[in-house]
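Protein chains in written order, with the numbering used here: chain A, 70 to 223; chain B, 70 to 223. We put the CB at the ideal spot given by N, CA and C, even for glycine. Each remark here refers to the structure printed beneath this line.
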DNA sequence: TAATATATGTTATGTTATAACATTGCAAAT
DNA sequence: ATTTGCAATGTTATAACATAACATATATTA
């Protein structure tokens, strides 16, 4: 459920998967891109671009600048490895890249943990709404904010 | 359908409705708030805060500053008279305020026109997803970007 | 090895949004 | 009538988020 943190194993699996996808698609999974991806998925919560920048600076002890981070993020988003949460200007890792186009989210306002919730019934419903309005979808933002079980019990 | 512009009559009706709601709820529908609301709904397309600011400056010929606009927007959003489209940092008027909590949108990337699409089946589906995840919703961002009928035919 | 493409470094700036405090105007309490 | 309190607005400054433009480096391949 939403509060579950990702284990080291899961994180490593996720990194390997992306590595693999990049290799087989001839995408350069460069050091920076890998670092940014790792920072995002290890963070466990949505993370902001400038927070990523701070971490990069800490790790590398070199001057780093916003474009470096934003470029890496762009790459990761383009290839479906991370998603942007528009409602909070933050980024989250995708734990099943390439298995679906759209990704929907539950975001807890209290603990900040999030969960992907990409059920097909939801996708179908959105798709039907679009068809009904003669609308061709290119991308969907669905971000459900509220409180997760743990936080709403407190 | 999505391409339909609002008529003067509809715009006036919308303003009157908000006026009425404010009166009966003891909300100050001040000059600035009214101006910002009118600018937003007359614009017909999602509008950005700084575009609103420019218009205010043109109308009043006085120095105006971002907080003025953002405060008015906050008021209008709090009371359900306008919505923010997080995916494009823009604001749109709501043509049926107080009749539903959540509002979903179709946004055409080509012509920029938008449409509210708040069908109950969609709302139910989202609600079910939340329940299934033991999640209590406080607010939902659903923004479907793509092409409207007219624009996808061209 | 030169030419090309891809990625990154760097500087500067653009865009979006809010904090903090001063001022105004109006309405209720004295 | 005067003070007090409050909601709204004015104003300055800056925070937070994001990209343009150009220089440099690194890798590929002709």
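Does the separation of the CB atoms of residue i and residue j fall below 7 angstroms?
i: residue 224/B; j: residue 154/B; result: No statement about residue 224/B is possible, as the shown extent of chain B runs from 70 to 223 and does not include it.
i: residue 162/A; j: residue 90/A; result: no
i: residue 220/B; j: residue 177/B; result: yes
i: residue 167/A; j: residue 149/A; result: yes
i: residue 202/B; j: residue 182/A; result: no
i: residue 115/A; j: residue 157/A; result: yes
i: residue 58/A; j: residue 102/A; result: Here chain A covers residues 70 to 223 and nothing more, so residue 58/A does not appear.
i: residue 198/B; j: residue 186/A; result: yes
Can you check DSSP and say which residues form a bridge with residue i?
i: residue 153/A; result: 160/A
i: residue 128/B; result: Note: residue 128/B sits in no beta bridge, so no partner.
i: residue 201/A; result: The partner list for residue 201/A (beta bridge, DSSP) is empty, contrary to what the question assumes.
Looking at the C-beta of residue i, does it have a partner C-beta in chain B at a distance below 7 angstroms?
i: residue 114/A; result: no
i: residue 156/A; result: yes
i: residue 182/A; result: no
i: residue 54/A; result: There is no way to answer for residue 54/A, as the model of chain A reaches only from 70 to 223.
i: residue 91/A; result: no
i: residue 96/A; result: no
i: residue 126/A; result: no
Are any of the Cβ atoms in chain A nearer than 7 angstroms to that of residue i?
i: residue 146/B; result: no
i: residue 214/B; result: yes
i: residue 207/B; result: yes
i: residue 221/B; result: yes
i: residue 75/B; result: no
i: residue 203/B; result: yes
i: residue 187/B; result: no
i: residue 198/B; result: yes
i: residue 122/B; result: no
i: residue 99/B; result: no
Would you call residue i buried or exposed, if buried means 16 or more other Cβ atoms sit within 10 Å of its Cβ?
i: residue 141/A; result: buried
i: residue 78/A; result: exposed
i: residue 104/A; result: buried
i: residue 216/A; result: buried
i: residue 92/B; result: exposed
i: residue 124/B; result: buried
i: residue 184/B; result: buried
Exercise. Using Cβ-Cβ distances below 7 angstroms, what residues of the region 159-180 of chain B are close to chain A?
Worked result: Residues 175, 178.
Problem set entry | Chain-ordered residues of the region 130-146 of chain B with a beta carbon less than 9 angstroms from chain A | none
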